[in-house]
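Numbering (our numbering), first residue to last: 136 to 279. Each residue gets a CB set at the ideal place from its N, CA and C atoms; glycine is no exception. Okay, structure first, notes after.
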Amino acid sequence: MAFCPTCGTQIPDGATCPKCAGGAVQSPSAPAAAGLTDNVAGALAYVTIIPAIVFLVLEPFNKKRFIRFHAFQCLFFAVAWTALWIILAFIGHIPFLGWATVLVWPLVSLAGFVVWLILVLKAYQGQMFKLPVIGDLAEQQAGK
């Protein structure tokens with residue numbers, strides 16, 4: 136799938152945008168100025184928060200809605216993940232509930248890893264896969 140360079144709407148390859156009637160179609164695999172394709176840059180945005188911040192700051196990448204979306208989704212996912220770990224750490228220190236976190240912690244870790252892996256793979260495939268709440272926030276920020 137390709138994306139309209141004007142509004143960022145997903146459209147079939149070689150077609151014009153039905154939303155804004157944009158002429159040229161920009162594919163997620165179109166090379167960026169630094170030699171990275173958009174799908175690789177989107178996947179790299181999920182490798183810690185550092186590439187996500189770099190892609191939001193550097194000129195050729197921050198102009199592309201696809202890369203901005205994945206960078207913002209990575210940042211919001213990292214914030215939510217950190218908040219979850221802080222909450223679990225506090226619950227772990229509550230008497231009679233601390234033992235429950237010993238059972239929950241590995242499951243939460245595995246679930247977080249699976250979600251992260253899905254995000255990386257979907258970005259590499261050129262898809263704008265959205266997490267339920269975080270994806271909507273990322274889409275709002277990427278559209279600006």
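The segment 199-211 in contact with the segment 171-186 per 3-pair CB rule at 8 angstroms | yes
Nearest to Met-216 by alpha carbon, out of Phe-231, Gly-247, Arg-200?
-> Within the sequence shown, numbered from 1, the residue matching residue 216 stands at position 81. It should be noted that the sequence gives Trp, not Met, for residue 216. The shortest Cα separation from Trp-216 among Phe-231, Gly-247, Arg-200 belongs to Gly-247.
Could you check the C-alpha separation between His-205 and Leu-245 for me, to the nearest Å?
-> Counting from one through the sequence shown, the residue named residue 205 turns up at place 70. Counting from one through the sequence shown, the residue named residue 245 turns up at place 110. Distance from the CA atom of His-205 to the CA atom of Leu-245, rounded to whole angstroms, is 21 angstroms.
Under the assumption that Ala-150 contacts Tyr-259 (Cβ atoms under 8 angstroms), give the Cβ distance between them as a whole number of angstroms.
-> Here residue 150 refers to the residue found at position 15 when the sequence shown is read from its first residue. Here residue 259 refers to the residue found at position 124 when the sequence shown is read from its first residue. The Cβ separation is near 23 angstroms, so there is no contact.
Tell me whether Lys-198 is buried or exposed, calling it buried when 16 or more other Cβ atoms sit within 10 Å of its Cβ.
-> As a working note, residue 198 is residue 63 in the sequence shown. Exposed, by the Cβ-count rule.
If you drop the 5 nearest sequence neighbours on each side, which residues of the same chain put their C-beta closer than 6 angstroms to that of Ile-226?
-> Looking up residue 226 in the sequence shown gives position 91. The answer, listed in chain order, is Leu-232, Thr-236.
Where the alpha helix (DSSP H) through Ala-187 begins and ends | Along the sequence shown, one-based indexing puts residue 187 at 52. It spans 184-192 - the alpha helix (DSSP H) in which Ala-187 sits, taken as one unbroken run.
In three-state terms, what does DSSP make of Met-263?
-> Counted from its first residue, the sequence shown places residue 263 at position 128. Three-state DSSP puts Met-263 in coil, outside helix and strand.
Helix, strand or coil: which one does DSSP assign to Ile-146?
-> The residue labelled residue 146 in the question sits at position 11 within the sequence shown. Here Ile-146 sits in strand by DSSP.
Check whether the Cβ atoms of Leu-266 and Val-243 lie closer than 8 angstroms to each other.
-> Taking the first residue of the sequence shown as position 1, residue 266 is located at position 131. Taking the first residue of the sequence shown as position 1, residue 243 is located at position 108. No. Outside cutoff.
By the 10 Å Cβ neighbour count, where 16 or more other Cβ atoms means buried, how is Gly-143 classified, buried or exposed?
-> Here the question's residue 143 lines up with position 8 in the sequence shown. The residue in question, Gly-143, is buried, as its Cβ has 16 or more Cβ neighbours within 10 Å.
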